[in-house]
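Down below is the structure, laid out as structure tokens.
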Amino acid sequence: APEASLNSIRQVLNAIAQRMDPEEDILWLHLTSHGAESNELVLSYPGRDLYWLTPSHLRRLMDETRIRHRIVVVSACYSGGFVAPLASPDTLVATASSSTRQAYGCGSASNITDFSKALYLEALPKIRYVPEAMRRAQQIIHEEETTHQKAHSYPQVRSGAAIEMLLRELSKR
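When the letters of the sequence shown are read in order and numbered with the working numbering, they come out as residues 16 to 188.
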């Protein structure tokens with residue numbers, strides 16, 4: 016597998032941007048990793064030093080590409096710290112937890128958080144309007160945490176008005 020590094024993320028975003036229609040296409044970026052209490056994502060590769068992806072660096076990388084419409088899902092502990100830095104009228108950001116909480120279902124034995132499972136396996140197959148599906152995934156996680164008497168992770172969802180209008184139109188097609 017290719018190395019996940021700050022440079023490779025830039026290269027991938029640039030390659031995608033070159034193929035996108037900036038007025039119609041939407042970037043859907045899903046990041047999954049271990050998150051730190053400092054609200055950074057760990058980027059690692061066996062035998063190499065660790066890299067850290069900060070919310071502001073990710074925002075800068077996306078802004079450089081001029082990709083306008085964005086959906087960003089951050090599936091990691093403490094990922095809520097990505098919400099405010101990535102927020103814009105043209106962006107929907109969803110995170111598996113708040114900036115101060117571990118994500119439900121996160122651990123060395125799992126490749127993805129339970130929020131992502133709820134989103135991709137339960138909510139999106141049933142709900143065409145993406146912001147509503149994300150809110151449903153939040154609800155599913157809250158219910159599971161309550162049922163299993165686990166600390167709440169408080170997944171976050173924030174969407175700008177422009178991306179919501181575009182996604183509403185797409186959900187009607």
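Positions of the beta carbon are idealized from the N, C-alpha and C atoms, including for glycine.
- In this structure, Thr-115 lies away from Phe-97, with their beta-carbon atoms at least 7 Å apart.
- Collapsing the DSSP output to three states places Gly-122 in coil.
- Taking the Cα positions, Asn-29 is about 16 Å away from Leu-46.
- Scanning the segment 91–140 for uninterrupted alpha helix (DSSP H) segments of 4 residues or longer gives 98–101, 129–132, listed from N- to C-terminal end.
- Rounded to the nearest whole angstrom, the C-alpha separation of Ser-90 and Glu-147 is 18 Å.
- Proximity to Ala-138 across Arg-151, Asn-126, Leu-182 peaks at Arg-151, based on C-alpha coordinates.
- Distance between Ser-59 and Gly-50, taken at the CA atoms: about 12 Å.
- Contact between Ile-178 and Leu-73 does not hold, since their C-beta atoms are separated by about 17 Å, which reaches or exceeds 8 Å.
- Nearest to Val-88 by C-alpha distance, out of Met-180, Ile-31, Lys-132, is Lys-132.
- Between Arg-85 and Leu-42, the CB-CB gap stays under 7 Å.
- Within a 10 Å sphere around the beta-carbon of Ala-166 sit fewer than 16 other beta-carbons, which makes this residue exposed.
- Beta-carbon to beta-carbon, Ser-113 and Gly-175 are separated by about 20 Å, too far to satisfy the 8 Å threshold.
- DSSP places Ile-82 outside any beta strand (DSSP E), giving it a letter other than H or E.
- The beta carbon of Leu-44 sits closer than 6 Å to those of Val-87, all from its chain and outside the five residues before and after it, given in chain order.
- The DSSP-derived three-state label of His-157 is helix.
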